[in-house]
Amino acid sequence: EPEVTQTPSHQVTQMGQEVILRCVPISNHLYFYWYRQILGQKVEFLVSFYNNEISEKSEIFDDQFSVERPDGSNFTLKIRSTKLEDSAMYFCASTEGGNALNSPLHFGNGTRLTVT
Amino acid sequence: AQSVTQLGSHVSVSEGALVLLRCNYSSSVPPYLFWYVQYPNQGLQLLLKYTSAATLVKGINGFEAEFKKSETSFHLTKPSAHMSDAAEYFCAVRGSSASKIIFGSGTRLSIRP
């Protein structure tokens, strides 16, 4: 069964550094998402992406964050200058188009970002 | 705006006992509801989804959920718990937007031998 893949599984970075988290969504999917989960807390929506542009973003997704689909397969999340509070598990997800309202999101296994 | 509330951050049941995880939703439009499971150090896996075709929805691993509009609920049940069911369970809702889904705060299910 096709799946969403994320790399790396664990990223350690120093405060102030830039990080790029990578995702390969399911190939025929058209909607892409990033979520984050701070340890022990709920899964929070960051941003959704469709037709090569952001379709929705949360208040968490400030100017430090950006997303990109640089080619036909990858979907990336960049954090420009990491802060300690950015430490979390970041999940990429995708869903197919068409009747998208009842299409579930398919999640990757996540990238654990640790900012020191 | 859509939201879900999960009652009980931690539920513990004995192996073989009934599992009941509660979820109530708030939505100004007919909701699309989902249950996801997260095993330790893993991603989110879809258990089941409600899409208005039937109020009782069957999912994977013997789980099912019943949509009750009058109670704005979508509780998850399993008749007989298994040790392998120990995980975090998230209820989620999508409203009129074809975009994001919103997750509840999660319920950690523990199974006692």
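Protein chains in written order, with this note's numbering: chain A, 30 to 145; chain B, 9 to 121. Quick reminder that beta carbons are idealized off the backbone N, C-alpha and C, glycines included. Bear in mind that the values here come from a model prediction, so they are computed numbers and not experimental data.
| said: In chain order, what are the residue ranges of uninterrupted beta strand (DSSP E) at least 3 long that sit wholly in the stretch 37 to 64 of chain A? | reply: Counting whole runs of 3 or more residues, the stretch 37 to 64 of chain A contains the beta strand (DSSP E) stretches 39 to 42, 48 to 53.
| message | To the nearest angstrom, how far is the alpha carbon of P37/A from that of S78/B? | response | About 45 Å.
| query | In chain A, what lies closer than 7 Å to S113/B by C-beta? | reply | The answer, in chain order, is K71.
| Taking any Cβ of chain A, which residues in the stretch 40 to 72 of chain B have a Cβ under 7 Å from it, in chain order? | Using a CB distance below 7 Å, the part of the stretch 40 to 72 of chain B facing chain A consists of Y40, F42, Q50, G51, L52, L54, K57, T59, ordered along the chain.
| said: From the DSSP secondary-structure annotation, give me the bridge partner or partners of K86/B. | reply: V27/B, per the DSSP bridge assignment.
| request: Identify which residue in P48/B, V45/B, S60/B, S20/B has its Cα closest to the Cα of R102/B. | output: Closest option to R102/B, Cα to Cα, is S60/B.
| Do the CB positions of C99/A and K57/B come within less than 8 Å of each other? | Looking at the sequence provided, one finds Pro at residue 99/A rather than Cys. P99/A is not a Cβ neighbour of K57/B, given a cutoff of 8 Å.
| message | Residues of chain A with CB closer than 9 Å to the CB of F98/B, please, in chain order. | response | The contact set of F98/B on chain A, defined by CB atoms closer than 9 Å, consists of K71, V72 in chain order.
| request: Could you list which residues in chain B have their beta carbon closer than 8 Å to that of P31/A, in chain order? | output: By Cβ distance, chain B contributes nothing, its closest Cβ being about 14 Å from P31/A, past 8 Å.
| field | F71/B versus S17/B - alpha carbon distance | value | C-alpha separation (whole angstroms): 19 Å.
| query | K77/B CB to nearest chain A CB: under 8 Å? | reply | By this cut-off, K77/B is not an interface position.
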